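**Student:** Questions regarding the structure given below will be posed in turn.
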Amino acid sequence: MNLKQLEYIITIAEEKNITRAAEKLYITQSALNQQLLKIEKELETPLFIRSKRNWQITKVGEIYIENAKKILRIKKDAYNQINDLLERKKGRMKIGLTLERGPEMFSAIYPVFYKKYPHVKIESFEMSVKEQQREISEGNLDIGFLTLQDSQKKADEHIHICSEEIILAVPKSHPLARFGGKVGERLPKIGLVEFSNSLFAIMQQGSTLREIYDKIVIEENTCPDILLETRSCHNLFQMVAEGICCSVIPISYTRNTPDVVYFSIQQEPFWEICASYKKDTYLNHAARELIKIASQYWKDKLKPFHLK
(Lines of atoms letter the chains of each structure in order from A and count residues from 1; the text may use other names and numbers.)
(Lines give C-alpha, C1' and ligand atoms only; values in the text may rest on other atoms or scores of the structure.)
Protein backbone atom coordinates (compact mmCIF):
# COMPACT_ATOMS: atom_id res chain seq x y z
CA MET A 1 0.00 0.00 0.00
CA ASN A 2 1.24 3.49 -0.87
CA LEU A 3 -0.26 6.94 -0.39
CA LYS A 4 -1.19 7.20 -4.07
CA GLN A 5 -3.32 4.09 -3.74
CA LEU A 6 -5.14 5.67 -0.81
CA GLU A 7 -5.97 8.70 -2.95
CA TYR A 8 -7.21 6.41 -5.73
CA ILE A 9 -9.63 4.53 -3.48
CA ILE A 10 -10.94 7.72 -1.86
CA THR A 11 -11.59 9.24 -5.30
CA ILE A 12 -13.49 6.15 -6.48
CA ALA A 13 -15.63 6.39 -3.35
CA GLU A 14 -16.29 10.11 -3.90
CA GLU A 15 -17.16 9.70 -7.58
CA LYS A 16 -19.07 6.41 -7.06
CA ASN A 17 -17.82 5.36 -10.48
CA ILE A 18 -14.41 4.18 -11.68
CA THR A 19 -14.69 5.96 -15.05
CA ARG A 20 -15.33 9.35 -13.45
CA ALA A 21 -12.64 8.69 -10.85
CA ALA A 22 -10.07 7.89 -13.55
CA GLU A 23 -10.94 11.11 -15.39
CA LYS A 24 -10.55 13.13 -12.20
CA LEU A 25 -7.19 11.48 -11.43
CA TYR A 26 -5.93 11.87 -15.03
CA ILE A 27 -5.11 8.17 -15.37
CA THR A 28 -6.62 5.43 -17.53
CA GLN A 29 -9.55 3.43 -16.23
CA SER A 30 -7.55 0.26 -16.77
CA ALA A 31 -4.66 1.50 -14.63
CA LEU A 32 -7.01 2.59 -11.85
CA ASN A 33 -8.86 -0.72 -11.93
CA GLN A 34 -5.56 -2.61 -11.65
CA GLN A 35 -4.67 -0.64 -8.51
CA LEU A 36 -8.08 -1.35 -7.00
CA LEU A 37 -7.86 -5.08 -7.77
CA LYS A 38 -4.37 -5.19 -6.27
CA ILE A 39 -5.62 -3.76 -2.96
CA GLU A 40 -8.68 -6.02 -2.91
CA LYS A 41 -6.46 -9.05 -3.55
CA GLU A 42 -4.25 -8.02 -0.65
CA LEU A 43 -7.28 -7.61 1.63
CA GLU A 44 -8.98 -10.72 0.22
CA THR A 45 -12.30 -8.88 0.03
CA PRO A 46 -13.94 -6.26 -2.25
CA LEU A 47 -14.05 -2.57 -1.30
CA PHE A 48 -16.95 -1.75 -3.64
CA ILE A 49 -20.10 -3.36 -4.97
CA ARG A 50 -19.84 -2.74 -8.72
CA SER A 51 -22.70 -1.60 -10.93
CA LYS A 52 -23.03 0.18 -14.27
CA ARG A 53 -24.03 3.45 -12.63
CA ASN A 54 -23.05 4.11 -9.02
CA TRP A 55 -20.68 1.91 -7.06
CA GLN A 56 -21.51 1.24 -3.41
CA ILE A 57 -18.89 1.04 -0.68
CA THR A 58 -18.78 -2.20 1.29
CA LYS A 59 -18.39 -2.27 5.08
CA VAL A 60 -14.72 -3.14 4.59
CA GLY A 61 -14.47 -0.27 2.12
CA GLU A 62 -15.85 2.16 4.69
CA ILE A 63 -13.19 1.12 7.20
CA TYR A 64 -10.45 1.37 4.57
CA ILE A 65 -11.53 4.83 3.36
CA GLU A 66 -12.00 6.25 6.86
CA ASN A 67 -8.47 5.25 7.82
CA ALA A 68 -7.03 6.25 4.43
CA LYS A 69 -8.30 9.79 5.04
CA LYS A 70 -6.67 9.80 8.49
CA ILE A 71 -3.33 8.75 7.00
CA LEU A 72 -3.47 11.44 4.31
CA ARG A 73 -4.41 14.07 6.93
CA ILE A 74 -1.37 13.10 9.01
CA LYS A 75 0.81 13.49 5.92
CA LYS A 76 -0.71 16.88 5.13
CA ASP A 77 -0.32 18.12 8.72
CA ALA A 78 3.32 17.03 8.72
CA TYR A 79 4.06 18.80 5.44
CA ASN A 80 2.27 21.95 6.62
CA GLN A 81 4.30 22.06 9.83
CA ILE A 82 7.56 21.50 7.94
CA ASN A 83 6.73 24.20 5.38
CA ASP A 84 5.91 26.64 8.19
CA LEU A 85 9.11 25.79 10.05
CA LEU A 86 11.20 26.35 6.90
CA GLU A 87 9.10 29.41 5.96
CA ARG A 88 8.11 27.93 2.63
CA LYS A 89 5.06 29.87 1.49
CA LYS A 90 3.54 27.19 -0.70
CA GLY A 91 0.86 24.54 -0.60
CA ARG A 92 -2.84 24.02 -1.28
CA MET A 93 -6.02 24.92 0.56
CA LYS A 94 -9.63 23.93 0.08
CA ILE A 95 -12.02 26.45 1.60
CA GLY A 96 -15.79 26.61 1.98
CA LEU A 97 -17.81 29.77 1.39
CA THR A 98 -21.43 30.55 2.19
CA LEU A 99 -23.66 30.63 -0.87
CA GLU A 100 -24.56 34.31 -0.95
CA ARG A 101 -21.88 36.40 0.76
CA GLY A 102 -18.98 33.99 0.41
CA PRO A 103 -18.02 34.78 -3.21
CA GLU A 104 -18.17 38.52 -2.52
CA MET A 105 -15.90 38.13 0.50
CA PHE A 106 -13.45 35.87 -1.33
CA SER A 107 -13.10 38.21 -4.31
CA ALA A 108 -12.19 40.98 -1.84
CA ILE A 109 -9.73 39.07 0.35
CA TYR A 110 -7.95 36.85 -2.17
CA PRO A 111 -5.94 39.64 -3.89
CA VAL A 112 -4.60 40.66 -0.46
CA PHE A 113 -3.74 37.05 0.37
CA TYR A 114 -2.13 36.44 -3.03
CA LYS A 115 0.37 39.26 -2.49
CA LYS A 116 1.65 37.47 0.62
CA TYR A 117 1.24 33.85 -0.52
CA PRO A 118 1.42 33.76 -4.34
CA HIS A 119 2.43 30.08 -4.35
CA VAL A 120 -0.45 28.81 -2.22
CA LYS A 121 -3.18 27.46 -4.47
CA ILE A 122 -6.76 27.80 -3.23
CA GLU A 123 -9.86 25.88 -4.29
CA SER A 124 -13.09 27.51 -3.11
CA PHE A 125 -16.45 25.77 -2.84
CA GLU A 126 -19.80 27.50 -2.31
CA MET A 127 -21.95 25.50 0.10
CA SER A 128 -24.60 25.82 2.76
CA VAL A 129 -23.45 25.91 6.38
CA LYS A 130 -24.55 22.30 6.94
CA GLU A 131 -22.73 21.12 3.83
CA GLN A 132 -19.57 22.89 4.95
CA GLN A 133 -19.80 21.36 8.40
CA ARG A 134 -20.07 17.89 6.89
CA GLU A 135 -17.11 18.45 4.55
CA ILE A 136 -14.97 19.87 7.39
CA SER A 137 -15.82 16.90 9.61
CA GLU A 138 -14.87 14.47 6.82
CA GLY A 139 -11.59 16.29 6.22
CA ASN A 140 -12.49 17.50 2.73
CA LEU A 141 -12.22 21.23 3.55
CA ASP A 142 -9.28 22.92 5.26
CA ILE A 143 -11.32 25.96 6.32
CA GLY A 144 -15.00 26.84 6.20
CA PHE A 145 -16.28 30.39 6.55
CA LEU A 146 -19.63 30.07 8.31
CA THR A 147 -22.47 32.15 9.70
CA LEU A 148 -24.12 30.29 12.56
CA GLN A 149 -25.32 30.31 16.16
CA ASP A 150 -23.61 28.62 19.10
CA SER A 151 -26.29 25.91 19.08
CA GLN A 152 -25.28 24.94 15.53
CA LYS A 153 -21.59 24.42 16.27
CA LYS A 154 -20.22 20.91 15.86
CA ALA A 155 -17.15 19.30 17.44
CA ASP A 156 -14.79 21.07 15.03
CA GLU A 157 -12.69 24.12 15.90
CA HIS A 158 -14.12 27.63 15.45
CA ILE A 159 -12.26 30.94 15.22
CA HIS A 160 -14.52 33.91 15.96
CA ILE A 161 -14.44 36.64 13.32
CA CYS A 162 -17.35 38.88 14.35
CA SER A 163 -20.98 38.95 15.45
CA GLU A 164 -23.76 40.47 13.37
CA GLU A 165 -27.15 41.60 14.64
CA ILE A 166 -30.33 40.34 13.00
CA ILE A 167 -32.96 43.10 12.79
CA LEU A 168 -36.50 43.70 11.57
CA ALA A 169 -37.00 45.60 8.30
CA VAL A 170 -40.41 47.20 7.74
CA PRO A 171 -41.80 49.07 4.70
CA LYS A 172 -42.61 52.75 5.21
CA SER A 173 -46.26 52.05 4.40
CA HIS A 174 -46.68 49.77 7.43
CA PRO A 175 -48.82 51.23 10.30
CA LEU A 176 -45.96 50.72 12.81
CA ALA A 177 -43.29 52.23 10.55
CA ARG A 178 -43.58 55.61 12.25
CA PHE A 179 -41.92 54.07 15.33
CA GLY A 180 -38.94 52.67 13.39
CA GLY A 181 -35.43 54.04 13.01
CA LYS A 182 -32.37 54.09 10.78
CA VAL A 183 -29.36 51.79 10.87
CA GLY A 184 -26.29 53.33 12.47
CA GLU A 185 -28.47 54.76 15.24
CA ARG A 186 -29.92 53.07 18.32
CA LEU A 187 -32.99 51.30 17.00
CA PRO A 188 -36.29 51.05 18.88
CA LYS A 189 -36.94 47.54 20.18
CA ILE A 190 -40.07 45.59 19.33
CA GLY A 191 -41.42 42.03 19.40
CA LEU A 192 -42.52 40.17 16.28
CA VAL A 193 -45.83 39.52 18.02
CA GLU A 194 -46.73 43.13 17.10
CA PHE A 195 -46.53 42.06 13.44
CA SER A 196 -48.73 38.98 13.69
CA ASN A 197 -51.07 40.25 10.98
CA SER A 198 -48.28 41.40 8.66
CA LEU A 199 -46.89 39.72 5.56
CA PHE A 200 -43.30 38.43 5.80
CA ALA A 201 -40.58 37.29 3.44
CA ILE A 202 -38.23 34.79 5.09
CA MET A 203 -35.35 32.48 4.24
CA GLN A 204 -35.99 28.89 3.21
CA GLN A 205 -35.79 25.97 5.63
CA GLY A 206 -32.26 24.77 6.39
CA SER A 207 -30.65 28.22 6.59
CA THR A 208 -29.26 29.74 9.78
CA LEU A 209 -31.42 32.84 9.36
CA ARG A 210 -34.55 30.70 9.08
CA GLU A 211 -33.64 28.90 12.29
CA ILE A 212 -33.30 32.27 14.03
CA TYR A 213 -36.67 33.44 12.70
CA ASP A 214 -38.44 30.20 13.67
CA LYS A 215 -37.01 30.35 17.19
CA ILE A 216 -38.29 33.92 17.67
CA VAL A 217 -41.86 33.22 16.50
CA ILE A 218 -42.04 30.11 18.69
CA GLU A 219 -40.84 32.07 21.74
CA GLU A 220 -43.40 34.82 21.10
CA ASN A 221 -46.18 32.36 20.23
CA THR A 222 -46.95 34.25 17.04
CA CYS A 223 -47.31 33.25 13.42
CA PRO A 224 -46.96 36.04 10.82
CA ASP A 225 -48.30 35.36 7.34
CA ILE A 226 -45.47 34.05 5.12
CA LEU A 227 -45.71 35.52 1.63
CA LEU A 228 -42.34 34.44 0.25
CA GLU A 229 -39.51 32.03 1.05
CA THR A 230 -36.16 32.56 -0.64
CA ARG A 231 -32.46 31.65 -0.42
CA SER A 232 -31.31 35.25 -0.81
CA CYS A 233 -31.07 37.95 1.87
CA HIS A 234 -30.82 40.49 -0.95
CA ASN A 235 -34.29 39.37 -2.06
CA LEU A 236 -35.60 39.83 1.47
CA PHE A 237 -34.46 43.44 1.59
CA GLN A 238 -35.78 44.14 -1.90
CA MET A 239 -39.26 42.88 -0.99
CA VAL A 240 -39.32 45.28 1.96
CA ALA A 241 -37.99 48.18 -0.12
CA GLU A 242 -40.77 47.58 -2.66
CA GLY A 243 -43.33 47.92 0.13
CA ILE A 244 -44.54 44.34 -0.24
CA CYS A 245 -43.79 42.86 3.19
CA CYS A 246 -41.62 42.85 6.33
CA SER A 247 -38.54 40.71 6.92
CA VAL A 248 -35.89 39.68 9.43
CA ILE A 249 -32.44 40.31 7.94
CA PRO A 250 -28.75 40.63 8.91
CA ILE A 251 -27.86 44.26 9.51
CA SER A 252 -25.20 44.34 6.78
CA TYR A 253 -27.90 43.83 4.14
CA THR A 254 -29.76 46.97 5.19
CA ARG A 255 -29.74 50.36 3.49
CA ASN A 256 -31.02 53.68 4.79
CA THR A 257 -33.65 54.48 2.17
CA PRO A 258 -36.86 56.52 2.51
CA ASP A 259 -38.92 53.37 1.89
CA VAL A 260 -37.66 51.21 4.79
CA VAL A 261 -37.39 51.58 8.57
CA TYR A 262 -35.80 49.24 11.10
CA PHE A 263 -36.34 47.83 14.58
CA SER A 264 -34.17 45.86 16.96
CA ILE A 265 -35.92 42.60 17.79
CA GLN A 266 -36.91 41.96 21.42
CA GLN A 267 -34.63 38.91 21.77
CA GLU A 268 -31.65 40.78 20.24
CA PRO A 269 -30.75 37.87 17.93
CA PHE A 270 -27.38 37.71 16.24
CA TRP A 271 -25.27 35.23 14.36
CA GLU A 272 -21.56 34.62 14.47
CA ILE A 273 -19.31 34.81 11.46
CA CYS A 274 -16.44 32.41 12.04
CA ALA A 275 -13.80 30.24 10.42
CA SER A 276 -14.03 26.54 11.18
CA TYR A 277 -11.58 23.69 10.68
CA LYS A 278 -11.37 20.04 11.65
CA LYS A 279 -10.50 19.32 15.26
CA ASP A 280 -6.96 18.07 15.93
CA THR A 281 -5.59 19.23 12.58
CA TYR A 282 -2.76 21.71 12.08
CA LEU A 283 -3.78 25.15 10.82
CA ASN A 284 -0.80 26.47 8.91
CA HIS A 285 0.45 30.05 8.60
CA ALA A 286 -1.22 30.61 5.23
CA ALA A 287 -4.61 29.52 6.56
CA ARG A 288 -4.26 31.76 9.61
CA GLU A 289 -3.32 34.69 7.37
CA LEU A 290 -6.40 34.11 5.20
CA ILE A 291 -8.59 34.14 8.32
CA LYS A 292 -6.88 37.32 9.53
CA ILE A 293 -7.60 39.04 6.19
CA ALA A 294 -11.21 37.84 6.31
CA SER A 295 -11.56 39.26 9.83
CA GLN A 296 -10.43 42.68 8.62
CA TYR A 297 -12.86 42.46 5.70
CA TRP A 298 -15.81 41.89 8.04
CA LYS A 299 -14.63 44.56 10.46
CA ASP A 300 -14.62 47.08 7.61
CA LYS A 301 -17.93 45.83 6.19
CA LEU A 302 -19.81 46.13 9.47
CA LYS A 303 -18.21 49.42 10.55
CA PRO A 304 -20.94 51.62 8.94
CA PHE A 305 -23.55 49.85 11.06
CA HIS A 306 -21.95 50.56 14.43
CA LEU A 307 -23.94 52.83 16.70
CA LYS A 308 -23.20 56.54 16.43
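In the UniProt record's numbering, the protein residues as written are 1 to 308.
Glycine included, each C-beta is placed from N, C-alpha and C at the ideal position.
Note that this is a predicted model, so its numbers are computed, not measured.
1. If you reduce the DSSP assignment to three classes, tell me which class H158 lands in.
2. Between D259 and chain B, is there a C-beta pair that is closer than 8 Å?
3. In the DSSP assignment, what residue or residues form a beta bridge with R92?
4. Spatial neighbours of I265 within its chain, please: C-beta separation below 6 Å, excluding the five flanking residues on both sides.
5. When you compare the stretch 91-111 with the stretch 139-154, are there three or more beta-carbon pairs, one atom per stretch, that lie closer than 8 Å?
6. Quick check on the DSSP output: the beta strand (DSSP E) that includes M203 runs from which residue to which?
7. Looking at the strands, I want to know which residues DSSP matches up with T225.
8. With a threshold of 7 Å on Cβ separation, who are the neighbours of K308 within its own chain once the five nearest residues in sequence on each side are excluded?
9. With burial defined as no fewer than 16 other Cβ atoms inside 10 Å of the residue's Cβ, what is the status of G61: buried or exposed?
10. Shortest alpha-carbon distance to E100 belongs to which of A177, L209 and E194?
11. In terms of alpha-carbon separation, which member of L141, K89 and G96 lies closest to P118?
12. Hey, how far is the Cα of D220 from the Cα of E268?
13. Using DSSP with H/G/I as helix, E/B as strand and the rest coil, what is V112?
14. How far does the beta strand (DSSP E) with S264 in it reach, from first residue to last?
15. Note down the Cα distance separating L47 from K69, rounded to an integer number of angstroms.
16. Is S252 closer than 8 Å to L236 when the C-beta atoms are compared?
17. Using 8 Å as the Cβ pair cut-off and three pairs as the minimum, do the stretch 268-284 and the stretch 157-165 touch?
18. When DSSP labels each residue in this structure, what does L283 get in the three-state scheme?
19. Please state the DSSP three-state secondary structure of S51.
20. Among L3, L37 and N2, which residue has its Cα nearest to the Cα of I18?
21. I need the straight-line Cα distance from V129 to S232, nearest angstrom please.
22. Pull the bridge partners of Q56 from the DSSP assignment, please.
23. Round the Cβ separation of L192 and V217 to the nearest angstrom and send it over; I've been treating them as touching at under 8 Å.
24. Tell me F270's beta-bridge partners as DSSP assigns them.
25. Please determine, among K52, G96 and P188, the residue with the shortest C-alpha to C-alpha distance to A275.
26. Can you round the beta-carbon distance between I65 and I9 to whole angstroms, since I take them to be within the 8 Å contact cut?
**Tutor:** The structure says:
1. strand
2. The chain labelled as chain B is not found in the depicted structure, where only one protein chain is given.
3. K121
4. L168
5. yes
6. Element bounds for M203: L199 to M203.
7. In the sequence on display, residue 225 carries Asp and not Thr. L199.
8. Because the pLDDT at K308 is just 47, under 50, the model does not fix this residue reliably, and the point stays unresolved.
9. With 16 or more other Cβ atoms inside 10 Å of its own Cβ, G61 counts as buried.
10. L209
11. K89
12. Here residue 220 turns out to be Glu, not Asp, going by the sequence shown. If I take the Cα positions, the gap works out to 13 Å.
13. In the structure shown, V112 adopts helical secondary structure according to DSSP, grouped into three states.
14. Bounds of the beta strand (DSSP E) holding S264 are V260 to I265.
15. 15 Å
16. no
17. yes
18. Looking at L283 - three-state DSSP - the assignment turns out to be coil, as it is neither helix nor strand.
19. coil
20. L37
21. Looking at the two C-alpha atoms, the distance is approximately 14 Å.
22. Paired residues: I49.
23. 6 Å
24. E165
25. Taking only the C-alpha atoms, the option nearest A275 is G96.
26. The C-beta distance from I65 to I9 rounds to 6 Å, short enough to fall under 8 Å.
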